[in-house]
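Letter 100 of the sequence shown, counting from 1, is numbered 96 in the numbering used here, and no numbers are missing. Yeah, the Cβ is synthetic: ideal placement off N, Cα and C, and Gly gets one too. As structure tokens, the structure follows; a few thoughts come after it.
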Amino acid sequence: MSATMPQPPSGDLGSLLRLDGKVAVVTGAAQRIGREISRAFAGQGAAVVVTDIQDERGQATVEEIRAAGGEAIYRRADVSQSGDIADMVRFAADRYGRLDILVNNAHWEKVGNVVELDEEDWDRSFDVLLKALYLGCKYAIPEMRTVGGGVIINISSVHAYHVSDRYVTYQAAKAAVVHFTRQVAWDFGPDNIRCNCVCPGAVPLPSEVTEHSARDPLFVEEQTLLKAIKRIGQPADIARAALFLVSDLSSWITGQALTVDGGEFMTFPSTGAQRTRRFLEAHPERVSPSYRLTP
Ligand SMILES: NC(=O)c1ccc[n+]([C@@H]2O[C@H](COP(=O)([O-])OP(=O)(O)OC[C@H]3O[C@@H](n4cnc5c(N)ncnc54)[C@H](O)[C@@H]3O)[C@@H](O)[C@H]2O)c1
């Protein structure tokens, strides 16, 4: 008697992207990336529990989803509070009878170097950017197990791999998110629970790009200078990556960090510097008076 090999989910590609019958919780979903993720998931048939601490904006995300024919409900959840995270998960499972998807997206950080930062700001940043992921998984995974599996998406950042001025909480936490993701994926893969993270580059709202461009005609050129794809990314670009990663199209992908940045962070710093130099030579008015290009 030959053993039956487990097979990948079957169906046409369009149906594998659908999330009909699935229930998702998205944290920090009142605006920007969390809002777009919620809209994308609901657009593919998931019931979405939109959570945040901005009640009016969170409710507005829900209204948008409902107006488009989707299913969503708002629940206030401060992810720096363990009790709120437990409640958020319980609420989703009680309301819709199951929990299949968790997106840890909420964001708060205090900028500063290690000398400047107060201990309480360090703690609060890490509560929101890292501890909330542990708590979200801690409460969501038992619910996912009861329905035979689930998917977790953690939103990290390209800052996981790069340093910039005085961003120590953000960068340390986002780097930890990448490895935390691998560990959860490893521990719970046998429960049919996948865990991946998305590392976005900068994704301003389209309205912000329009506003900046009205003031500065070179804004888009400057922002895309170091990108392979000559377009500024948008929250919807991140939401589509998250959608792929929660769908059955990615059923054999777990523990991965998917960078979504228009190809900005893959080149050598020296190549970026050459491009910047050419840009400044073409636009000498951009060179600050205190900085001189050497011949
Ligand atoms: N926007 C970008 O360019 C960018 C780039 C890389 C990574 N990211 C990451 O993507 C995620 C979303 O980013 P964004 O730009 O949409 O963030 P945002 O700051 O625009 O929105 C974050 C949301 O989290 C909510 N929030 C803050 N503290 C909270 C708390 N204690 N409990 C619950 N909700 C809370 C806010 O109210 C807000 O709605 C974050 O994890 C961020 O680090 C964003």
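Sub-8 Å separation of residue i and residue j beta-carbons
i, j, result
"Ser34", "Ala68", "yes"
"Gly30", "Val22", "yes"
"Gly54", "Val44", "no"
"Thr142", "Cys191", "no"
"Val256", "Val205", "no"
"Ile375", "Val180", "The chain is shown from -3 up to 291; residue 375 falls before or after that span and cannot be answered."
"Ser153", "Pro196", "yes"
"Gly145", "Asn188", "yes"
"Leu222", "Arg178", "no"
"Ala26", "Gln50", "yes"
"Val124", "Val164", "no"
"Ala224", "Gly258", "yes"
"Leu98", "Gly66", "no"
"Val85", "Tyr70", "no"
"Leu13", "Leu245", "yes"
"Pro231", "Leu254", "no"
"Asn150", "Phe184", "no"
"Ile234", "Glu60", "no"
Contact test: residue i Cβ vs ligand 1 heavy atom, cutoff 7 Å
i, result
"Ser121", "no"
"Ala237", "no"
"Asn188", "no"
"Asn101", "yes"
"Arg28", "yes"
"Gln50", "yes"
"Thr23", "yes"
"Trp104", "yes"
"Val174", "no"
"Gly197", "yes"
"Asp74", "yes"
"Pro202", "no"
"Ala124", "Going by the sequence as given, residue 124 is Val instead of Ala. Under cutoff, so the answer is yes."
"Pro2", "no"
"Ile151", "yes"
"Pro285", "no"
"Pro231", "yes"
Reference residue i, options the options, closest by Cα
i, options, result
"Arg94", "Glu260, Val283, Gln219, Val19", "Val19"
"Phe261", "Val159, Phe240, Val99", "Val159"
"Tyr135", "Ala88, Gln40, Asp114, Ser284", "Ala88"
"Gln304", "Asp74, Ser247, Glu52", "What the structure shows of the chain is the stretch from -3 to 291, and residue 304 is not part of that stretch, so it cannot be assessed."
"Gly108", "Ile234, Leu201, Ala168", "Ala168"
"Arg28", "Ile228, Pro5, Val199, Glu217", "Val199"
"Glu218", "Phe240, Ser266, Glu277", "Glu277"
"Asp90", "Glu52, Glu139, Glu116", "Glu139"
"Gly268", "Ser286, His279, Thr220", "Thr220"
"Gly17", "Glu32, Ser6, Asp48, Tyr92", "Tyr92"
"Ala36", "Val283, Ser284, Leu241, His155", "Leu241"
"Ala38", "Leu239, Glu207, Thr263, Lys106", "Leu239"
"Trp118", "Asp8, Thr0, Arg162, Gly185", "Arg162"
"Ala156", "Trp182, Ala171, Ile228", "Ala171"
"Ala82", "Met1, Ser266, Ile137, Glu207", "Ile137"
"Leu9", "Gln40, Ala(-1), Asp48, Ser78", "Gln40"
"Gly79", "Arg273, Ala56, Lys127", "Lys127"
"Leu214", "Pro186, Trp104, Ser11, Pro280", "Pro280"
"Gln77", "Asp48, Arg62, Glu52", "Asp48"
Exercise. In the segment 110 to 154, which residue ranges form an unbroken alpha helix (DSSP H) of at least 4 residues, counting only runs that do not cross its ends?
Worked result: Whole alpha helix (DSSP H) segments, 4+ residues: 115 to 122, 128 to 142.
Problem set entry | Segments assigned alpha helix (DSSP H), at least 4 residues, entirely inside the segment 147 to 215 | 164 to 184, 202 to 211
Problem set entry | alpha helix (DSSP H) segments (min. 4 residues) lying fully within the segment 42 to 78 | 51 to 63
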